[in-house]
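Engineer: In my numbering, the protein residues as written are 16 to 231.
Glycine included, each C-beta is placed from N, C-alpha and C at the ideal position.
If you're wondering where the values come from, they're calculated on a predicted model, not measured in any experiment.
Take a look at this one; I'll ask things after.
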Amino acid sequence: MILENISLSLQRGKAKEVKMQVQAALDSGVSPQYILNCGLIHGMNVIGGKFKNNEVFVPEVLVAARAMNAGLEILRPILVQTGIRPIGRAIICTVKGDLHDIGKNLVKMMLEGQAIDCIDLGVDVDSDEIIAAIKEHNPDLVCLSALLTTTMIEQKVIIENIEKAGLRDKVKIMVGGAPVTEAFAKEIKADAFSPDAASAAETAVQMLTKQVDDDV
Ligand code: B1M
């Protein structure tokens, strides 16, 4: 019932209610993963379906997205608490032309939960900003999120420009987002693709620990 209420409040864009209900669910012992998948993501999927069928429009989706982010803020401290020394550093962003940040924020939280330091460049980020950030922060991993069929191609452009800048050997690159597939990731020469935030974190850990092993 409580998860259903979270999903419904999110669909109605009631950020304050979502926050309170997420907290109440945690207080009553529901696991954060369950709240995330069966409450928040469930609600966002319902909105996504309605958006596709023109039953709701951008303003409704936007308030639902704000409510989702409000709920995620309550879960964040629990999902990211590790207390372990960082195993690596990642730059993360949503690519140029794309403003969707919920998936990117989730991937970031899951990476942080695996003790990976994350530098979040935000949304609508182009190659130049990423190249500057690689030079400044010296990350092990670059994570590129794209939610639109029109912006996934920007992942290819970014990888090509990182190569042209002579930095391709210095970083692993992971791509993801709803329209992105394993085949597309291979085609654009990304090092990894992950379909969701939890497997993104697993894949990142595998890549970073392998890198450490290879360096030894
Ligand atoms: Co937009 N939107 N949207 N939207 N929106 C989609 C993506 C869409 C599928 C809706 C639809 O038609 N059914 C559609 C894209 C169609 C397409 O290209 N195939 C669409 C459209 C068309 C648009 C606009 C063009 C609408 C318009 O203006 N006419 C416009 C574009 C704006 C822009 O970006 N330039 C637009 C705008 C918006 C809002 C601003 C209103 C809002 C975003 C708010 C925000 O993010 N702060 C919004 C939203 C919320 C959605 C839907 C409803 C939900 C997206 C979401 O947050 N899902 C979405 C429909 C849908 O997905 N059902 C839709 C929840 C999130 C947890 O999932 O982001 O997929 P997701 O992330 C997952 C995985 O993909 C993966 O892990 C995450 C968690 O497991 N993942 C990675 C993501 N990044 C990863 C990176 C990785 C690995 C895994 O490694 C680096």
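Determine, using beta-carbon pairs with one atom in the region 89-106 and one in the region 133-144, whether at least three such pairs fall under 8 Å.
Structural biologist: Taking 8 Å as the limit for Cβ pairs, the verdict is that the region 133-144 does touch the region 89-106.
Engineer: Report, in whole angstroms, the separation of the C-beta atoms of Val95 and Met124, which I expect to be a contact under 8 Å.
Structural biologist: The pair is a contact, with the Cβ atoms about 6 Å apart (cut-off 8 Å).
Engineer: Give the range of the alpha helix (DSSP H) segment to which Ala105 is assigned.
Structural biologist: Unbroken run through Ala105 is the beta strand (DSSP E), Gly103 to Val110; no alpha helix (DSSP H).
Engineer: Measuring straight from C-alpha to C-alpha, what distance separates Ser46 and Met222?
Structural biologist: Rounded to the nearest angstrom, the two C-alpha atoms are 28 Å apart.
Engineer: Using the rule of at least 16 other Cβ atoms within 10 Å of the residue's Cβ for burial, across every protein chain shown, is Ala198 buried or exposed?
Structural biologist: By the neighbour-count rule (16 or more Cβ atoms within 10 Å), Ala198 is not buried but exposed.
Engineer: Below 8 Å, how does it come out for the region 35-42 and the region 67-77: are there three or more Cβ pairs, yes or no?
Structural biologist: No contact exists between the region 35-42 and the region 67-77.
Engineer: Just mark Gly28 as buried or exposed, buried being the case when its beta carbon has 16 or more other beta carbons within 10 Å.
Structural biologist: Looking at its Cβ environment, which holds 16 or more other Cβ atoms inside 10 Å, Gly28 is buried.
Engineer: Pick out whichever of Gly112, Val140 and Ile93 has its Cα sitting closest to the Cα of Leu126.
Structural biologist: Answer by Cα proximity: Ile93.
Engineer: May I ask whether a heavy atom of the ligand B1M can be found less than 7 Å away from the beta carbon of Val220?
Structural biologist: False, no ligand heavy atom lies under 7 Å from that Cβ.
Engineer: State yes or no: is the C-beta of Phe66 nearer than 7 Å to some heavy atom of the ligand B1M?
Structural biologist: Checking every heavy atom of the ligand B1M against the Cβ of Phe66, one is found closer than 7 Å.
Engineer: Which residue from Glu169, Ile21, Gly192 and Asn20 puts its Cα closest to that of Gly311?
Structural biologist: With the chain represented from 16 up to 231, any question about residue 311 goes unanswered, as that position is not in the structure.
Engineer: Grab the span of the beta strand (DSSP E) containing Lys187 for me, first residue to last.
Structural biologist: Here the beta strand (DSSP E) through Lys187 covers Lys187 to Gly191.
Engineer: Please name the residue in Val61, Ile102 and Arg100 whose C-alpha comes closest to that of Met83.
Structural biologist: It is Val61 whose Cα lies nearest to the Cα of Met83.
Engineer: Below 8 Å between beta carbons: does that hold for Asp206 and Lys187?
Structural biologist: Yes.
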